[in-house]
Structures are given as structure tokens and as C-alpha cells.
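Protein chains: 2
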Amino acid sequence: MAKQAGSNTRSVRGSRTGRPIMALLDLLGRRWALRILWELRDAPLTSRALRTACDEASPTVLQARLDDLREAGFVELGEGGGYGLTAPGRELCETFMPLHRLAERWKK
Amino acid sequence: MAKQAGSNTRSVRGSRTGRPIMALLDLLGRRWALRILWELRDAPLTSRALRTACDEASPTVLQARLDDLREAGFVELGEGGGYGLTAPGRELCETFMPLHRLAERWKK
DNA sequence: CGTCATGCTACGATAATTGTAGCAACGGAA
DNA sequence: TTCCGTTGCTACAATTATCGTAGCATGACG
Chain L
1 MAKQAGSNTR SVRGSRTGRP IMALLDLLGR RWALRILWEL RDAPLTSRAL
51 RTACDEASPT VLQARLDDLR EAGFVELGEG GGYGLTAPGR ELCETFMPLH
101 RLAERWKK
Chain C
109 MAKQAGSNTR SVRGSRTGRP IMALLDLLGR RWALRILWEL RDAPLTSRAL
159 RTACDEASPT VLQARLDDLR EAGFVELGEG GGYGLTAPGR ELCETFMPLH
209 RLAERWKK
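Taken in sequence, the protein lines are chains L and C. According to the working numbering, the first sequence is numbered sequentially starting from 1. According to the working numbering, the second sequence is numbered sequentially starting from 109.
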């Protein structure tokens, strides 16, 4: 089970066309991916803190998503520990900020 | 297997807090959800056309996601057939437009 | 040494997704 | 009418992804 950030063979799910946007939509469509980015929006979190923030999600998936996001270059593991957003990661996260207001209005 | 749009009991995955943003992030984090919204961004598509646009994804999931998105009020089925975005759906989709440019730059 | 927290993994159970095939209903020719 | 093609949608078994719990190795602090 290749988990480390680095090149792996798997062509990103649903993007066999090679269009970057498809790869991105696919990556963000994996479980907890969006949530992780969201929870890291303000400050870096340790893996445990992130798990708590993510409603005690299984560490298995969290690690998998963290690896995905690290490989994609959106998240990084700080030297002193703790996951944080990279520059592209922050930029990506900015994109989702309008979601907050939209969600409040959406509510249902 | 409750599929039809309407109220169901299932509290949205990963949002037991009740915060709308979590419910939204969860909904969008299901497979093909983002992709479907993306493919419908310009014009409505029939279920078959949507399937083609989504790289021949399994109709099972497509239907499931379509039902999810319909229940959420982001997608609707036109009278003459064909799935299209609702007003909130279009608004949501607008949010993701910056992703296109971001993805191109991201590429890797 | 013990204690605690870190990032990370094992593993069985459960749920989601895939792929293929097909259904019923409707519409437009013939 | 019958035939043909399309629509939205479903059945089913096989494969993956995810869950939940437990635990490991490492490092920092006392």
C-alpha cells in the first residue's frame, strides 16, 4: 500500500482524460479531503488534533487523504510535527471560503 | 435503498455537529458529486450524456449522486428530461469556477 | 527509567463504488 | 398497430474504500 508522497502509478480516478481539473475534482471528491483542507484553513494541526476536528474519523482514511493531499502539494508536514497547508493549499482553500456563507443560506 | 429525493433519516456523513458547512463538504465529498456539478455547469444533460461526460461512470453511483444532489436542491430533473442545475446549484458551481484556473496552474 | 504525544500502521467488519446487464415508459416513424 | 431508439432508473455480484479499534516506533520531557 504505497502511502508516501511521491510518484505512484495510479492515474487519478475519473480523470483518464488527463485534464487537470478532472484530477483535482477527483482528489477533492475523496472522503475527508475537503474537510481536511477546511479544518487546516486557519492553522496547522497535529494528526491527533486533525482527527478530533474531523469528528474522530478513522486514522486510516485520514492518513490516506493526508498522503494524497501531500502528494498533490496542498498539505505538508511541518518539521516539528503538525500538518499545514502549503501555498497552493491555502490558495485552494480560499476558493472554498464562499462555501461557508453559501452553506448557511442553503441549510435546508 | 431509499433513493428518491425527499427527507431521509441519515444525518449527513461527517456532520453530526449539524453545521451546514460540514454537511455541504460531506455531500461534495462523495464520489462524482463535484464532477456532476462541473459537467452540468453549462447546460443540462440527459442521464446518458452525463454518464458519457463522466467518463462512463457506473449508472448506479451516478443515480445515487444525482438523487443526493436533487435532495440537496442543487440539481433538478427537467420536465422534458435532462438534469440541470437549480439556482442554488448554479451558485454553488460558480464557486468552483476558480478551480479551473487553479488546476491548470497546479497541474504537477 | 516511566510517561506522554507524535506520525503512522494492522486488520476484520461494514459500507460505498464498480461494471454489466437490463427494465418500463415514452416518442417518432413506418 | 409494431418497431426502433431514447429516456430515467434498477438488479446484481465483484471489487474498493472506509470504518473502528487497537497498537507500534520514535522522540521529548521528567
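We put the CB at the ideal spot given by N, CA and C, even for glycine. Quantities reported herein were computed from a predicted structural model and do not represent experimental measurements.
What does the alpha-carbon distance come out to for the pair residue 204 of chain C and residue 66 of chain L? Within the second sequence, numbered from 1, the residue matching residue 204 of chain C stands at position 96. Within the first sequence, numbered from 1, the residue matching residue 66 of chain L stands at position 66. The straight-line gap from Cα to Cα measures roughly 22 Å.
Per DSSP, what kind of secondary structure is residue 184 of chain C in: helix, strand or coil? Here residue 184 of chain C corresponds to residue number 76 of the second sequence, with the count starting at 1. Three-state DSSP puts residue 184 of chain C in a strand.
For residue 114 of chain C, count neighbouring Cβ atoms within 10 angstroms of its own Cβ and tell me buried if that reaches 16, exposed if not. The sequence position of residue 114 of chain C within the second sequence is 6, counting from 1. Caution applies to residue 114 of chain C, whose pLDDT of 33 falls short of 50 and renders its modelled position unreliable; the model cannot decide the point.
Excluding the 5 residues flanking residue 75 of chain L on each side, which residues of the same chain have their C-beta closer than 8 Å to its C-beta? Looking up residue 75 of chain L in the first sequence gives position 75. Result list for residue 75 of chain L: 36, 37, 40, 66, 69, 83, 84, 85, 86, 89, in chain order.
Stretch-stretch touch, CB-based, cutoff 8 Å, three pairs: the region 207-214 of chain C with the region 23-33 of chain L: yes
Thinking residue 165 of chain C and residue 159 of chain C are a contact (beta carbons under 8 Å), I'd like their distance in whole angstroms, please. Counting from 1 along the second sequence, the entry for residue 165 of chain C is found at position 57. Counting from 1 along the second sequence, the entry for residue 159 of chain C is found at position 51. Going by Cβ atoms, the distance from residue 165 of chain C to residue 159 of chain C rounds to 6 Å, so yes, they are a contact pair.
Using three-state DSSP, classify residue 4 of chain L as helix, strand or coil. Numbered from its first residue, the first sequence carries residue 4 of chain L at position 4. Annotation note: pLDDT 34 at residue 4 of chain L (below 50); position unreliable, no value reported.
Apply the 10 Å Cβ neighbour rule to residue 151 of chain C and answer buried if 16 or more other Cβ atoms are within range, or exposed otherwise. Along the second sequence, one-based indexing puts residue 151 of chain C at 43. Per the 10 Å Cβ criterion, exposed.
Spatial neighbours of residue 161 of chain C within its chain, please: CB distance less than 7 Å, with the 5 preceding and 5 following residues excluded, ordered by chain position. Counting from one through the second sequence, the residue named residue 161 of chain C turns up at place 53. Closer than 7 Å at Cβ, skipping near neighbours: 147, 153.
When the cut-off is 8 Å and only beta carbons count, does residue 203 of chain C lie next to chain L? Locating residue 203 of chain C in the second sequence gives position 95, counting from the first residue. Residue 203 of chain C counts as touching chain L.
Short-range partners of chain C found in the region 71-88 of chain L, where Cβ spacing is below 8 Å: So the list reads 72, 73, 88, given in the order they occur along the chain.
Residue-chain proximity (residue 59 of chain L, chain C), Cβ-Cβ < 8 Å: Here residue 59 of chain L is taken as the residue at index 59 of the first sequence, counted from 1. No - not a single Cβ of chain C is within 8 Å of the one on residue 59 of chain L.
Do we get a CB-CB distance below 8 Å when we pair residue 200 of chain C with the residues of chain L? Here residue 200 of chain C corresponds to residue number 92 of the second sequence, with the count starting at 1. Closer than 8 Å to some Cβ of chain L, the Cβ of residue 200 of chain C qualifies, so yes.
Does the distance from the CB of residue 33 of chain L to the CB of residue 137 of chain C come in under 8 Å? As a working note, residue 33 of chain L is residue 33 in the first sequence. As a working note, residue 137 of chain C is residue 29 in the second sequence. Against a cut-off of 8 Å, the Cβ pair of residue 137 of chain C and residue 33 of chain L comes out as a contact.
Beta-carbon neighbours of residue 62 of chain L, restricted to chain C and to distances below 7 Å: What you label residue 62 of chain L is simply residue 62 of the first sequence in a count that begins at 1. Result: empty, since nearest Cβ-Cβ is about 12 Å, beyond 7 Å.
Do you know offhand how far residue 93 of chain L's Cα is from residue 60 of chain L's? Position 93 of the first sequence holds residue 93 of chain L. Position 60 of the first sequence holds residue 60 of chain L. In this structure, the CA atom of residue 93 of chain L is about 23 Å from the CA atom of residue 60 of chain L.
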